[in-house]
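Read through the structure below, which is laid out as structure tokens, and then see the notes.
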Amino acid sequence: MSSTYYFAIVGTNDSPLYETELGAQRDESKYLNQFIVHAALDLVDDAQFMSTACYLKIIDRYNDWNVSAYVAPSNTRLMLLHEAKADDAIRLFFTDCHELYLKTLLNPFYEPNTPIQSQAFDIKVNVLAKKYLF
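Every letter in the sequence shown is one number past the one before it in my numbering, and letter 37, counting from 1, is 42.
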């Protein structure tokens, strides 16, 4: 089964810092994926005050798609649009991606809340996706 995932890191000012499609690439759904994840940001803002955990599980649904979220202590949101329900695997994926994002923040040449354009970051996210999601 070939699953498609859309992963985005959204900064504190609601601007996308990083986004990628994982799995089968479908260009026609790129803007729809962005729309679904952006529409779920308000639900993430509501849900983060109801829970003390960083991982908020599935916070929104759109047709067959689920939106899962992870809110970092800095209020940076990691969002994953997916079809399958694999809570433990998604939680581990988010935890490792958060650690990868923290390492990027520690880079003295990276300015917080700016888009991440590192090829090394992209490769590591893809490796984590293959490890946990596929």
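All residues carry an ideal CB built from backbone N, CA and C; glycine is no exception.
Within the DSSP secondary-structure output, serine 20 pairs in no beta bridge. A residue is called buried when at least 16 other Cβ atoms come within 10 angstroms of its Cβ; phenylalanine 98 meets this threshold and is buried.
A check of alpha carbon separations from alanine 94 across Arg82, Phe139, Gln39 identifies Phe139 as the nearest. As summarised for the segment 82-122, the continuous alpha helix (DSSP H) elements at least 4 residues long and confined to that stretch are 92-110, given in chain order. Taking C-beta atoms as the reference points, alanine 52 and valine 72 fail to come closer than 8 Å. Between threonine 109 and tyrosine 115, the alpha-carbon positions lie close to 7 Å from each other. Within the model, the alpha-carbon separation for serine 79 versus proline 117 is close to 11 Å. Between the C-alpha atoms of phenylalanine 40 and asparagine 68 there is a straight-line separation of about 13 Å. Annotation: the continuous alpha helix (DSSP H) that includes aspartate 50 extends over 46-52. Collapsing the DSSP output to three states places serine 34 in a helix. Here asparagine 38 is buried, its C-beta having at least 16 other C-beta atoms within 10 Å.
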